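The structure appears below as structure tokens.
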Amino acid sequence: MKFERSEKYDKEFLKENMMGPNCLKLLEILIEGIRFPAGSRVLD
Numbered sequence: 090m091k092f093e094r095s096e097k098y099d100k101e102f103l104k105e106n107m108m109g110p111n112c113l114k115l116l117e118i119l120i121e122g123i124r125f126p127a128g129s130r131v132l133d
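If you read the sequence shown in our numbering, its first letter stands for residue 90, the second for the next number, and so on.
Below you can see the structure in the form of structure tokens.
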């Protein structure tokens, strides 16, 4: 699976601050099949 959205983030920042699973990739997997209206935001 290619993570187009989460690959835009600074990889060094993610490595330095990651605690546990990569939440950006998990979120991308979860919202893969959901259609959001233009301008929508996903908040955690």
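For every residue, glycine included, the Cβ atom is placed at its ideal position computed from N, Cα and C.
None of these values were measured; they are calculated from a predicted model.
Going along the chain, which residues of its own chain have a beta-carbon closer than 8 Å to the beta-carbon of residue i, five neighbours each way excluded?
i: M90; result: I118
For residue i, which residues in the same chain have their Cβ closer than 6 Å to its Cβ, ignoring the five residues on either side in sequence?
i: R95; result: The residue you asked about is not Arg; residue 95 is Ser in the sequence shown. Closer than 6 Å at the Cβ level, and outside the excluded window around S95, lie L113, K114 and E117.
i: E93; result: none
query = What are the uninterrupted segments assigned as alpha helix (DSSP H) that are 4 or more residues long and contained completely in the region 108-133, given in chain order?
reply = 112-119
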